[in-house]
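A short worksheet on the structure shown next.
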Amino acid sequence: MSTYAAPVVMGSESMMSPKSHGTSLTPVQSSLRWSCDRDTADRICNFNRHYAEHAGYWTTTDFLNEESEASGEINFYDSNTGDLLFVAPRGRSWDSFVSESRSHGWPSFRDSEVVWDKMRVLPNGEAISVDGTHLGHNLPDKNGNRYCINLVSVAGRPKDGGGL
Numbered sequence: 030m031s032t033y034a035a036p037v038v039m040g041s042e043s044m045m046s047p048k049s050h051g052t053s054l055t056p057v058q059s060s061l062r063w064s065c066d067r068d069t070a071d072r073i074c075n076f077n078r079h080y081a082e083h084a085g086y087w088t089t090t091d092f093l094n095e096e097s098e099a100s101g102e103i104n105f106y107d108s109n110t111g112d113l114l115f116v117a118p119r120g121r122s123w124d125s126f127v128s129e130s131r132s133h134g135w136p137s138f139r140d141s142e143v144v145w146d147k148m149r150v151l152p153n154g155e156a157i158s159v160d161g162t163h164l165g166h167n168l169p170d171k172n173g174n175r176y177c178i179n180l181v182s183v184a185g186r187p188k189d190g191g192g193l
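Start counting the sequence shown at 30; every next residue gets the next number (the working numbering).
Okay, here's the thing in structure tokens:
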């Protein structure tokens, strides 16, 4: 068990207590971005504490077809609530974001790309939303904190943009 230094905002295990839909109050949105599979998303986001979408899953979606350097900073929203969780790439290039994500098998975010109002890290490294969505894990490397996040967990549509 660890405590991570700022800017990480730590969460407590109680945030992942059972709710009306697994660890969340609601199921995932009916229409996720990038053609992410809703059943996989619901299982990963709400009924899972340890597992992930398979490595490289994000490359089988429409993410790399719909997003590019021309997209600029991309907003990643909680697949349950539509809350903004990550903005990337920020402070690095698109190529760096994609290269790092490819090498690890999952979209990989850095501290500057996290929206700390809505994301927490538990002492075991689990990355979660403040509403109980399982996102992935913090797996620090030589460059600092690296948040290895399931694309299905952050493929939501913004709250004010519908998609629920």
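Quick reminder that beta carbons are idealized off the backbone N, C-alpha and C, glycines included.
Does the stretch 160 to 170 come close enough to the stretch 67 to 86 to have 3 or more Cβ pairs within less than 8 Å? yes
Since alanine 70 contacts serine 108 with CB under 8 Å, what's their CB separation in whole angstroms? 5 Å
Where does the unbroken alpha helix (DSSP H) through histidine 133 begin, and where does it stop? Per DSSP, the unbroken alpha helix (DSSP H) holding histidine 133 starts and ends at 123 to 133.
Excluding sequence positions up to five away, which residues of its chain have a Cβ less than 7 Å from the Cβ of alanine 156? Met148, Val150, Leu164, Gly165, His166, Asn167, Tyr176, Ile178
Going by DSSP, what residue range makes up the beta strand (DSSP E) through glutamate 155? 155 to 158
Could you please give me the residues that DSSP links to tyrosine 33 through a beta bridge? DSSP lists no partner for tyrosine 33.
Given valine 183 as reference, the closest of Arg119, Gly101, Trp135, Val127 once Cα atoms are compared: Trp135
The stretch 137 to 148 touching the stretch 109 to 121, judged by at least three CB pairs closer than 8 Å: These segments touch.
Just curious, the beta strand (DSSP E) that alanine 99 is in, first and last residue? Run containing alanine 99: none; DSSP gives neither H nor E here.
Quick check on the burial criterion: 16 or more other C-beta atoms within 10 angstroms. Buried or exposed for methionine 39? Result: exposed.
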